[in-house]
Amino acid sequence: MTRTYFIRTFGCQMNEHDSERAAGVLETMGYRPAPDAESANLVLFNTCAIRENADNKLYGQLTSLKPLKMADPAKTVVVGGCLAQKDQGELAERVPWVDVVYGTHNMGSLPKLLAQADSASLPVVEILEHTEMFPSALPGRREVAHHAWVSISIGCDNTCAFCIVPMLRGPEKSRRMGEILSEVNALVADGVKEVTLLGQNVNSYGRDLIRAGEVPELGGRTLFAELLHLLGDVDGLERVRFTSPHPKDFTSDVFAAMRDVPNVCEHLHLPLQSGSDRILKLMQRSYRSSRYLELVTEARETIPGVAITTDIIIGFPGETEEDFADTLAVAQAAAFDNAFTFEYSKRPGTSAVDLPDHVDPEIMSERFRRLSVVTEELALQANEGQVGTVQQLLAEGPSKTDDTRFSGRTRTNRLVHAPMVDGWVPGGLLNVRLERAAPHFMIGEVTSADCDAPVVGPVPVVAS
Ligand code: 5AD
Ligand code: SF4
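Going by the numbering used here, the first residue of the sequence shown is number 80, and it counts up by one from there.
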């Protein structure tokens, strides 16, 4: 009988990418997808440890699986990824009824670990300190036919004081450009229209390859900008996105590539973290707010129509009302199109834990609410500024709340819902006039009769 699997992914896009690889590995073992954890023979939790509530949520979710496992001991429960890497043996002690625990470096061991679990009465735990092979080298099974996550580097060489990622994912290791390009070519041949390049710090892509003498330095152009240019030559690849760049490493050649390479989208996700120079220093983020705002100005001047989004942490240790006011001011000055805001969360082993003056949780929540008011207002203003324009939409699927509409994304990554028209298909490109704005979505109307007609762009076109 065919065995089935269900994967629950917590956390970031890197985890979504890893889950697609885990699915690919399971499918090569003969497993097939199941619609939910209840009916699946194997349940895999791909975990996140970036903030404390991710931990709590995961242990809660795992506990809720226990009755299923007790009722059906043949069900296999696998926990992998960042929380497993962080908690290691402790995870197996807290949830001893799981079958397999693996970390961030060894997803490729899944078949071996599952085979061992068949004959083991205790959880089979394997956590490695170094990556054996890029997860990208494993077979993948994409969630969406027309979109693929493509990892260009793993790990991180930075030491942001709040961040647990370098501890869990190790030092930065870049993938060779030829491998990335052949993966992207194969993906396009398989129907992919859009790729999102993933790395903890995409701007430093390839520095380790240059250091190791594997790649020569390109006089003046960074390897990341070079990669964007090369992806511009991939026939049939309609859209290239990337996340996340680091402000300290951002170079003008990347802005130029975003302007000049037609398939590179006009969306920049540039984590700010704090608008206070004092806090940025404490965070060990080596740019200052003035440099950040210079980058924003350069992006807007270089890339017509660019949307700029960010990550901001509230309540980092030592943050005063004045520091917080600086963050509000930078958010206003940057006029973010969207912002992901987080309350600071203590992560064991990170240097911020030992800093003095941790912020009272109530003050933190109150600042979080005040920042959200500002970022929501900015998001609404930004979307209102798009009303009346015609833009290229990549259709994703039926709207989740209205079955007369489909949803898609503009090149600037705005979510748009539009009434269905004949011939719309997930992965199809259409031109849409944006008619109404809310902070996190827009309503549009399809203007091109032929859904795969030549589309507008790279620059959003204002309707005449
Ligand atoms: N507490 C709160 N937010 C955090 N992030 C990373 N570490 C923490 C932490 N300890 C946020 C940062 C990062 C995003 C992915 O998660 O803003 O850019
Ligand atoms: Fe974490 Fe900083 Fe590395 Fe991003 S750049 S993964 S925030 S340490």
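Glycine included, C-beta positions come from ideal geometry on N, C-alpha and C.
Note that the structure is a prediction, hence the values are computed from the model and not measured.
Using DSSP with H/G/I as helix, E/B as strand and the rest coil, what is residue i?
{"i": "L201", "result": "coil"}
{"i": "R490", "result": "coil"}
{"i": "V538", "result": "Because V538 sits at a pLDDT of 40, beneath the cut-off of 50, its placement in the model cannot be relied upon, and the point is left open."}
{"i": "A240", "result": "coil"}
{"i": "D151", "result": "coil"}
{"i": "N417", "result": "strand"}
{"i": "H225", "result": "coil"}
{"i": "Q279", "result": "coil"}
{"i": "D390", "result": "strand"}
{"i": "A474", "result": "strand"}
{"i": "P250", "result": "coil"}
{"i": "N510", "result": "strand"}
{"i": "M212", "result": "coil"}
{"i": "S230", "result": "strand"}
{"i": "G292", "result": "coil"}
{"i": "V179", "result": "strand"}
{"i": "V525", "result": "strand"}
{"i": "V495", "result": "strand"}
{"i": "A516", "result": "strand"}
{"i": "F329", "result": "coil"}
{"i": "V156", "result": "strand"}
{"i": "V274", "result": "strand"}
{"i": "P146", "result": "helix"}
For the alpha helix (DSSP H) that residue i lies in, which residues bound it at each end?
{"i": "L79", "result": "The structure shown does not extend to residue 79, since the chain is modelled only from 80 through 543, so no value can be given for it."}
{"i": "E401", "result": "E400 to A413"}
{"i": "F85", "result": "No alpha helix (DSSP H) contains F85, which is instead part of the beta strand (DSSP E) from T83 to T88."}
{"i": "T376", "result": "S368 to T381"}
{"i": "S188", "result": "No alpha helix (DSSP H) holds S188; DSSP gives it neither H nor E."}
{"i": "N342", "result": "It is not in any alpha helix (DSSP H) - N342 carries neither H nor E in the DSSP assignment."}
{"i": "A265", "result": "M256 to A268"}
{"i": "G467", "result": "Premise fails: G467 is in no alpha helix (DSSP H) and is neither H nor E."}
When the distance is taken between beta carbons, is residue j closer than 8 Å to residue i?
{"i": "T429", "j": "C242", "result": "yes"}
{"i": "T491", "j": "A404", "result": "no"}
{"i": "Q465", "j": "L513", "result": "yes"}
{"i": "T389", "j": "L359", "result": "no"}
{"i": "L144", "j": "V122", "result": "yes"}
{"i": "K327", "j": "S365", "result": "yes"}
{"i": "S215", "j": "S230", "result": "yes"}
{"i": "N94", "j": "N125", "result": "yes"}
{"i": "V319", "j": "Q279", "result": "no"}
{"i": "L372", "j": "A410", "result": "no"}
{"i": "V203", "j": "Q195", "result": "yes"}
{"i": "A119", "j": "T83", "result": "yes"}
{"i": "T376", "j": "A335", "result": "no"}
{"i": "F421", "j": "R130", "result": "yes"}
{"i": "A116", "j": "F89", "result": "no"}
{"i": "V263", "j": "G311", "result": "no"}
{"i": "V207", "j": "G182", "result": "At residue 207 the sequence reads Leu, which differs from the Val that was named. Contact: yes."}
{"i": "V525", "j": "V511", "result": "yes"}
{"i": "M256", "j": "L306", "result": "yes"}
{"i": "F303", "j": "V340", "result": "no"}
Could you tell me if residue i is buried or exposed, where buried requires 16 or more neighbouring beta carbons within 10 angstroms of its beta carbon?
{"i": "G467", "result": "exposed"}
{"i": "F419", "result": "exposed"}
{"i": "E317", "result": "buried"}
{"i": "L201", "result": "exposed"}
{"i": "Q460", "result": "exposed"}
{"i": "T301", "result": "buried"}
{"i": "P324", "result": "buried"}
{"i": "H346", "result": "buried"}
{"i": "S232", "result": "buried"}
{"i": "V534", "result": "With a pLDDT of 46 at V534, under the threshold of 50, the predicted position of this residue should be treated as unreliable, and no value is reported."}
{"i": "M362", "result": "buried"}
{"i": "A224", "result": "exposed"}
{"i": "D151", "result": "exposed"}
{"i": "P396", "result": "buried"}
{"i": "E211", "result": "exposed"}
{"i": "M149", "result": "exposed"}
The beta strand (DSSP E) spanning residue i covers which residue range?
{"i": "L123", "result": "L121 to T126"}
{"i": "Q363", "result": "Unbroken run through Q363: none, as it is neither H nor E."}
{"i": "N94", "result": "Premise fails: N94 lies in the alpha helix (DSSP H), Q92 to T107, not in any beta strand (DSSP E)."}
{"i": "M443", "result": "Segment P440 to E463 is the alpha helix (DSSP H) holding M443; no beta strand (DSSP E) there."}
{"i": "H348", "result": "H346 to H348"}
{"i": "V319", "result": "R318 to T322"}
Q) Taking contact to mean at least 3 C-beta pairs separated by less than 8 Å, is the segment 281 to 298 in contact with the segment 515 to 524? A) Result no; under three Cβ-Cβ pairs closer than 8 Å.
Q) So, do the segment 265 to 273 and the segment 290 to 297 have three or more beta carbon pairs nearer to each other than 8 Å? A) Contact between the segment 265 to 273 and the segment 290 to 297 is absent, because fewer than three Cβ pairs lie under 8 Å.
Q) Is the segment 229 to 237 touching the segment 250 to 269, taking contact as three or more C-beta pairs under 8 Å? A) Proximity of the segment 229 to 237 to the segment 250 to 269 meets the contact definition, three or more beta-carbon pairs being nearer than 8 Å.
(Q) Does the structure place the segment 398 to 416 close enough to the segment 472 to 489 that three or more beta carbon pairs sit under 8 Å? (A) The segment 472 to 489, when compared against the segment 398 to 416, does not touch it at the 8 Å Cβ threshold.
Q) Between the segment 368 to 378 and the segment 338 to 355, do at least 3 Cβ pairs fall closer than 8 Å? A) Enough Cβ pairs lie closer than 8 Å, so yes.
Q: Determine contact between the segment 495 to 504 and the segment 470 to 478, defined as no fewer than three beta-carbon pairs at a distance below 8 Å.
A: Result yes; three or more Cβ-Cβ pairs closer than 8 Å.
Q.
Quick check: the segment 97 to 115 against the segment 173 to 190, are at least 3 beta-carbon pairs closer than 8 Å?
A. Contact check between the segment 173 to 190 and the segment 97 to 115: three or more CB pairs, one atom from each, fall below 8 Å, which counts as touching.
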